[in-house]
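Below: the structure, in structure tokens.
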Amino acid sequence: MRLSTTRRSRAAAPVLALTLALVAACGGTTVAEQPAPTAAAAPPELQRTKVEVPAGITNDRFSGERFALIPPGWSIAVWADLDEARHAAWAPDGALLVSRPEGGEVVRLTPRASGPATASVLLRDLRQPHGLAFDGDTLYVAESDEIRSYTYADGAATGGDLVVGDLPDAKDGQLGGAYAHALKSLALGPDRSLYFSIGSSGNITEEDRESDPEAASIMRIPPGGGEPEVFARGVRNGTAMAVAPDGALWTAVNGRDDVAYPYDREYPGSFASAQGEVLESYVADHPAEPVAKLTPGRDLGWPYCNPDPDVEPGVPGSPLDHTAPPYVADYETNEDGEVFDCGKLAPVEQSLGAHSAPLGMSFTTLPAPYGEGALVGVHGSWNRTPPRAPEVSFFPYANGELGAQQTLVGGFQGTDGERWGRPVTAIPGPDGAVYITDDDAGAVYRLAPPGI
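Spelled out as structure tokens, the structure:
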């Protein structure tokens, strides 16, 4: 493997500090055993609620009134102005760090007693910084081509030791200056393993599975450092990653576009057999986007196999079931399953609608009736008709598994498809609120349950 690595020699942080960092950065909590997700209380009907804009917010996107759909009794406010706000992590001192890939910065947001947070640049002149993770006072930052570690203290980050380099991005000579998913994400395991994503170089680029390092994968660096190894493969763009309370790594994946109809039968809009045709009505709901628990060596099948949410496979208007959708062979890369046996793949645990574009993930516990679960920032589609709406999704969690998707925050898109915001990631704050980054509106929101 051509990756360059530097061993992490920093001593382990105290247990308390590590635990707090994991809870803040990954949203994990340890609780008593809960009922199965299917037994969870039904989510409340969301209410249209005005987004509060405190004095000091100058963002033009909020010059007029904005409304979101949130649980009854909850509130939502613009907490910070921040262009291109992407991934986020809570620092040990209570500041929220947010990456800005286009600006090449990591910004430090400091809460105030009232009004918006105070912003200052923590790190600058980086190459598309994205994923952030804390291990005690060690801050890991994933740039498009490398991961570095910094010592975080007194509101400053120093050091910048190389953890892994030579990651593929747009400047990679193998790719002719093109790379579809250059941004890298991070997650820290309970054993202090560091996980990072390498997205695919294109939509259905088969050669990614043979590249060095392997693209469309989740990589693992063992505790204390060492050579990165492939932890899971066939993960087209697993930019949403989080560690569950039981220590398992989960990802929500951006699936492929323009999938060809895989069945040898007629379909509305086609003549005779539609097999191999790219049909807008079929593409709108296919393939489902995986929400999967990753285990060593797991393969999510891309680009040879696609999760199919149809209850009646290939039937127009079939009901959709996004729990454990079975795989179907991709017609373009794996016609008749001759290249890859999709039947040997375990179905993904849950999935999102096609073209949802999940970008961030965390685990938390919300007030009743929600309880413990995963938060997923759904960015919304870029090429679907009608557009898949952005939202913050909630997946109930119990006994090591996720239940079906629920909408926690919606209303970012009107009936005409126009949007005023696109969430990226949602993470629990130390104050019991949920903080949501939005790279389209250029903001960070504070979503607060009653009494918080």
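Residue 92 in our numbering is what sits at position 55 of the sequence shown, and the numbering runs on without skipping anything. Idealized CB from N, CA, C, for every residue including glycine.
**Item:** Those runs of the beta strand (DSSP E) which lie wholly inside the region 98 to 127 and span at least 3 residues
**Value:** 104 to 107, 112 to 118, 125 to 127
**Message:** Less than 8 Å between C-beta atoms, sequence neighbours within five positions excluded: which residues of the same chain meet that for Leu-163?
**Reply:** Gly-141, Glu-142, Val-143, Val-178, Glu-180
**Prompt:** Is the beta carbon of His-359 sitting closer than 7 Å to the one on Ser-388?
**Reply:** yes
**Request:** Could you pull the start and end residues of the alpha helix (DSSP H) that Asn-371 belongs to?
**Result:** 368 to 371
**Request:** Answer with buried or exposed for Arg-503, where buried requires no fewer than 16 other C-beta atoms within 10 angstroms of its C-beta.
**Result:** The shown model of the chain, from 38 to 489, leaves out residue 503, and the question about it has no answer.
**Message:** For Arg-425, which residues in the same chain have their Cβ closer than 7 Å to its Cβ, ignoring the five residues on either side in sequence?
**Reply:** Gly-390, His-392, Ser-393, Gly-417, Ser-418
**Asked** On the three-state DSSP scale, how would you describe Glu-317?
**Response** helix
**Prompt:** First and last residue of the beta strand (DSSP E) that includes Lys-221?
**Reply:** Note, Lys-221: premise wrong, no beta strand (DSSP E); not H, not E.
**Message:** Taking the alpha carbon of Pro-227 as the reference point, which residue from Ala-277, Ala-219, Leu-199, Ala-170 has its own alpha carbon closest?
**Reply:** Ala-170
**Prompt:** Going along the chain, which unbroken runs of the alpha helix (DSSP H) with 4 or more residues stay wholly within the region 266 to 310?
**Reply:** none
**Prompt:** By Cβ distance below 6 Å, which residues in the same chain neighbour Ala-361 in space, the five residues on each side in sequence not counted?
**Reply:** Pro-384
**Asked** In angstroms, rounded to a whole number, what distance separates the CA positions of Ala-76 and Pro-282?
**Response** Since pLDDT at Ala-76 reaches only 45, below the 50 mark, its modelled position is unreliable, and the value read off the structure follows with that caveat. Whole-angstrom Cα-Cα distance: 19 Å.
**Item:** When Leu-445, Gln-450, Thr-452, Leu-412 are compared against Tyr-492, the one with the closest alpha-carbon
**Value:** The displayed coordinates of the chain run from 38 to 489. Any statement about residue 492 would go beyond what the structure contains.
**Message:** Quick check: the region 299 to 313 against the region 242 to 249, are at least 3 beta-carbon pairs closer than 8 Å?
**Reply:** no
**Minimum Cβ-Cβ distance from Ile-235 to chain B less than 7 Å** = No chain B appears in this structure, which consists of one protein chain only.
**Message:** As an exercise, report each continuous alpha helix (DSSP H) stretch of at least 4 residues that is fully enclosed by the region 434 to 488, in chain order.
**Reply:** none
**Message:** From the DSSP secondary-structure annotation, give me the bridge partner or partners of Ile-255.
**Reply:** Ser-234, Ala-269
**Item:** Presumed contact (8 Å Cβ cut-off) between Ile-464 and Ala-125, rounded CB distance
**Value:** 6 Å
**Short Cβ contact (7 Å threshold) for Phe-431 with Gly-454** = no
**Request:** Since I believe Gly-437 is in contact with Ala-269 (beta carbons under 8 Å), could you give me their beta-carbon distance rounded to a whole number of angstroms?
**Result:** 17 Å between Cβ atoms; not a contact.
**Request:** Assign Ser-157 to buried or exposed, taking buried as 16 or more other Cβ atoms, counted over all protein chains shown, within 10 Å of its Cβ.
**Result:** exposed
**Asked** Who are the Cβ neighbours of Pro-460 in its own chain at under 6 Å, not counting the five residues just before and after it?
**Response** Gly-414, Pro-427, Val-429, Ile-473, Asp-475
**Message:** Helix, strand or coil for Arg-229? Go by DSSP, reduced to three states.
**Reply:** coil
**Item:** Residue closest to Thr-147, alpha-carbon to alpha-carbon, out of His-167, Asp-118, Val-352
**Value:** Asp-118
**Residue span of the beta strand (DSSP E) that contains Leu-169, given as start and end** = 169 to 172
**Item:** Per DSSP, the bridge partner or partners of Tyr-177
**Value:** Ala-170, Ser-186
**Request:** Count the other CB atoms, across all protein chains shown, that sit within 10 Å of the CB of Thr-462; report buried if there are 16 or more and exposed otherwise.
**Result:** buried
**Neighbourhood of Pro-486 by C-beta, 6 Å cutoff - its chain only, sequence neighbours within 5 removed** = Trp-111, Pro-404
**Proximity to Arg-85 [Cα-Cα], best of Pro-467, Gly-479, Asp-468, Gln-450** = Gln-450
**Asked** Does DSSP put Arg-421 in a helix, in a strand, or in coil?
**Response** coil
**Request:** Starting from the Cα of Pro-350, find the closest Cα among Trp-287, Ala-193, Cys-342, Pro-363 and give me that residue.
**Result:** Pro-363
**Item:** Beta-carbon proximity of Lys-330 to Trp-287, cut-off 7 Å
**Value:** yes
**Asked** Between the Cα of Ala-224 and the Cα atoms of Pro-108, Val-296, Met-256, Ala-128, which residue gives the shortest distance?
**Response** Met-256
**Message:** On the DSSP bridge list, what partners appear for Leu-146?
**Reply:** Leu-133, Ala-156
**Prompt:** Do you know offhand how far Asp-477's Cα is from Ala-309's?
**Reply:** 43 Å
**Message:** In the DSSP assignment, the beta strand (DSSP E) including Lys-87 goes from what residue to what residue?
**Reply:** 84 to 87
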